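Chemist: Per our numbering, the sequence shown starts with residue 16, numbered consecutively. Glycine included, every Cβ here is placed at the ideal spot set by N, Cα and C. What you are looking at is a predicted structure, and each value in this text was computed from that prediction instead of being measured. Have a look at this one before I ask anything.
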Amino acid sequence: MKLTNTQIECMIEDLSSEIIRILMEEWQYNMTQAMEIYYNSDTFERLSDPTTGLYYQSAGYVYDFLKKELTTGQVS
């Protein structure tokens with residue numbers, strides 16, 4: 016089954032809200048800080064590219080990419 020662009024966008028939005036929540040809990044960021052960090056990250060850029068298929072993964076899986084990016088400055 017092929018997903019529509021609207022369905023993909025919805026999946027990305029759901030993942031994004033969960034990842035922002037994790038950032039707030041684990042890094043003690045407020046919502047504005049967490050959103051700024053997340054939406055300016057390479058991880059979000061990759062997640063937003065439908066050709067990567069990253070939107071099929073769990074929030075925890077995608078968060079691991081972001082965590083690595085934040086701690087090392089690199090995304091795998």
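1. What number of angstroms, rounded off, separates the C-alpha of residue 40 from the C-alpha of residue 78?
2. Would you call the CB atoms of residue 23 and residue 53 closer than 8 angstroms?
3. What's the gap between the Cα of residue 30 and the Cα of residue 61?
4. Run through DSSP, which three-state label would residue 2 get?
5. Among 64, 75, 66, 32, which one has its Cα closest to the Cα of residue 50?
Modeler: Per the coordinate set shown:
1. Going from the Cα of residue 40 to the Cα of residue 78 covers about 12 angstroms.
2. Their beta carbons are not under 8 angstroms apart, which means residue 23 does not touch residue 53 by this criterion.
3. Taking the straight line from one Cα to the other gives about 13 angstroms.
4. This structure cannot settle anything about residue 2, because the visible part of the chain is limited to 16 through 91.
5. Selected option, being the one with the closest Cα: 32.
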